[in-house]
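Since the structure comes first, as structure tokens, the remarks are kept for the end.
In my numbering, the protein residues as written are 23 to 293.
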């Protein structure tokens, strides 16, 4: 494989990917790797997007005008990137709206950054998953421009969106997006909630499954187990200072009135 072939099959790549490829070609000095990359940059074959991340410039396009795939950038920013939250909703085809932010999970220390007016938001993988080596629970791979990228699957994305509505555009976006999910793996949802070890999250997931119980045909035993895992004292589902809440005793959950009434623009406190 020559450099041209490598670039053709790696539209976005990390330094170590190029390094591994070069080393597989035979013995070489470390300086030759940097020399090869610098030559590709100087001849407008690639563009350095950020530290150790490069994008391939298609033929007849200028480095300053080419638009690189933001999903691939997010997936290649860290060696363990997993596209998640609203970015996962988009890739899974259930997002109610599109965002200019691309969110990914990682266990590495990565700061937010911007490329071509697109914002990239790293989120630290939940500690409970890191501690149990379950970072890849509920992950699927999809092919994008010939590259396999990791994204949270529908069931995990359902839970993650409910856990972090701030990373998904708020409760309206979460509600409307999960309503677009036709099929859920309830056993996987329960298992993921158990891994997360968060009583309030279990209650929120149970509450949302209850809202869609008819559409999803949620097994009663799943709801019962989530209820057993719910908090023993009332917990707020949203920001208690932003709007009124109502206690849903079954889940020991104080739910925002806008969510209960699905009144996103002008809250109706009739419930």
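Beta carbons are placed, not taken as given, at the ideal position from N, Cα and C, and that holds for glycine.
Using 8 Å as the threshold, is the C-beta distance between residue i and residue j below it?
i: residue 174; j: residue 185; result: no
i: residue 25; j: residue 62; result: yes
i: residue 172; j: residue 97; result: yes
i: residue 271; j: residue 225; result: no
i: residue 228; j: residue 245; result: yes
i: residue 136; j: residue 147; result: no
i: residue 191; j: residue 108; result: yes
i: residue 33; j: residue 167; result: yes
i: residue 90; j: residue 59; result: no
i: residue 77; j: residue 67; result: no
On the three-state DSSP scale, how would you describe residue i?
i: residue 70; result: strand
i: residue 174; result: strand
i: residue 33; result: coil
i: residue 167; result: coil
i: residue 290; result: With a pLDDT of only 42 at residue 290, under 50, the local geometry of the prediction cannot be trusted, and the value read off the model is given with reservation. Coil, per DSSP.
i: residue 253; result: coil
i: residue 277; result: strand
i: residue 262; result: coil
i: residue 181; result: helix
i: residue 44; result: helix
i: residue 271; result: coil
i: residue 78; result: strand
i: residue 162; result: strand
i: residue 54; result: helix
i: residue 24; result: coil
i: residue 83; result: coil
i: residue 241; result: coil
i: residue 246; result: helix
i: residue 157; result: coil
Skipping 5 residues on each side, what residues in its chain have a beta carbon closer than 6 Å to that of residue i?
i: residue 117; result: 111, 199
i: residue 292; result: Because residue 292 sits at a pLDDT of 39, beneath the cut-off of 50, its placement in the model cannot be relied upon, and the point is left open.
i: residue 134; result: 143
Using only CA atoms, which one of the options lies nearest to residue i?
i: residue 65; options: 80, 194, 120, 266; result: 80
i: residue 203; options: 225, 179, 210; result: 179
i: residue 131; options: 103, 141, 139, 151; result: 103
i: residue 231; options: 248, 218, 221, 220; result: 248
i: residue 37; options: 101, 121, 250; result: 101
i: residue 161; options: 122, 151, 167; result: 151
i: residue 234; options: 215, 205, 223; result: 205
i: residue 220; options: 210, 238, 251, 201; result: 251
i: residue 138; options: 280, 216, 86; result: 86
i: residue 124; options: 115, 189, 39, 166; result: 189
i: residue 216; options: 39, 154, 54, 265; result: 154
i: residue 46; options: 28, 60, 35; result: 28
i: residue 159; options: 218, 115, 122; result: 218
i: residue 214; options: 177, 54, 115; result: 177
i: residue 115; options: 44, 201, 41, 82; result: 201
CB-CB under 7 Å to residue i, same chain, minus the five flanking residues each way: which ones, in chain order?
i: residue 255; result: 274
i: residue 187; result: 193, 196
i: residue 241; result: 208
i: residue 277; result: 229, 259, 267, 268, 270
i: residue 222; result: 253, 257
i: residue 74; result: 36, 37
i: residue 280; result: 193, 265, 286, 289
Closer than 8 Å by C-beta to residue i: which residues in its own chain qualify, once you throw out the five before and the five after it? Chain order, please.
i: residue 170; result: 163, 164
i: residue 126; result: 96, 97, 99, 100, 103, 104, 105, 106, 109, 142, 143, 144, 145
i: residue 212; result: 244, 247, 248
i: residue 113; result: 93, 105, 164, 173
i: residue 262; result: 276
i: residue 128; result: 99, 100, 102, 103, 104, 144, 145, 146, 147
i: residue 39; result: 32
Just list the alpha helix (DSSP H) runs in the stretch 93-153, keeping only unbroken ones of 4 residues or longer that don't cross its boundaries, in chain order. Segments of the alpha helix (DSSP H) lying fully in the stretch 93-153: 107-113, 149-153.
For the stretch 189-239, which segments carrying the alpha helix (DSSP H) assignment without a break, of at least 4 residues, lie completely within its bounds, in sequence order? Segments of the alpha helix (DSSP H) lying fully in the stretch 189-239: 193-200, 208-218, 221-233, 235-238.
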